[in-house]
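K.L.:
Would you mind keeping the following structure in view while I ask a few things?
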Amino acid sequence: MNQIVPAGKRQVTELAAPETQDFVTMFIEGQLFGIPVLTVQDVLGPQKITRIPLAPREVAGSLNLRGRIVTAIDVRLRLGLPKRAEEKKGMSVVVDQSGELYSLMVDSVGEVLSLPAAKFERNPPTLDPHWREFSIGIYRLEGKLLVVLDVGKLLDFTRNE
């Protein structure tokens, strides 16, 4: 719907577009997940990761990204899924959380989807309870379900599980 909005002496046409949200999509064990695009700093291919002694099992280790130390999180393990086979190379989505960089290790990275906010739904009761802990909701897409991950909760290792 177009409407004319007075702006001083001239007329400005303002488009009332539906509000959308943009997500970087990723696949883990064949399931489509998404995180808000504004949290993403970088997308990486396979990286050399140094194991961190005594770290939680979901912390794969650390890597060096252009001189910055980045903590690598195995999202599969965080979501209660089996570890990826060694021969299968994954990808990483680098996110900034409170000034610290984290590498979210996933099977593959998809595309950026711009989705209407009105289509966002709360987590259904049928969603895996472990996934529900880390999800803020879903989008029902054609033939698939996009689970939107809460990056803050995913990286919060102080919570009791």
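Mind the numbering: the sequence shown is residues 464 to 624 in my numbering, read in order. Where is the CB? At the ideal position from N, CA and C, for every residue including glycine. Values in this document were obtained by computation on a predicted structure and should not be read as measured data.
Evaluate Val533 with the Cβ neighbour count: other Cβ atoms within 10 Å of its Cβ, from every protein chain shown; 16 or more gives buried, anything less gives exposed.
P.N.:
That one is buried.
K.L.:
Kindly examine the ligand HEM and report whether one of its heavy atoms sits closer than 6 Å to the Cβ of Val503.
P.N.:
What this structure holds is no ligand at all, so the ligand HEM is not there to describe.
K.L.:
Thinking just about the alpha-carbon of each residue, which of Leu604, Lys607, Lys616 is nearest to the one in Ser598?
P.N.:
Nearest C-alpha to Ser598: Lys616.
K.L.:
At the level of alpha carbons, what is the spacing between Val556 and Asp613?
P.N.:
Straight-line Cα distance between these residues: approximately 14 Å.
K.L.:
Grab me the residues of Asn527's own chain with a C-beta within less than 8 Å of its C-beta, minus the 5 sequence neighbours each way, in chain order.
P.N.:
Val533, listed in sequence order.
K.L.:
Which complete beta strand (DSSP E) runs does the segment 478–553 hold, if anything under 3 residues is left out?
P.N.:
Counting only runs of 3 or more, we get 483–491, 494–499, 503–507, 522–528, 531–537.
K.L.:
DSSP three-state call for Leu617: helix, strand or coil?
P.N.:
Helix.
K.L.:
For Arg585, I'd like the list of residues in its chain whose CB is within less than 7 Å of its CB, leaving aside the five on either flank, ordered along the chain.
P.N.:
The residues are Gly600.
K.L.:
Using the rule of at least 16 other Cβ atoms within 10 Å of the residue's Cβ for burial, across every protein chain shown, is Ile491 buried or exposed?
P.N.:
That one is buried.
K.L.:
Between which two residues does the beta strand (DSSP E) harbouring Pro579 extend?
P.N.:
Element bounds for Pro579: 571–579.
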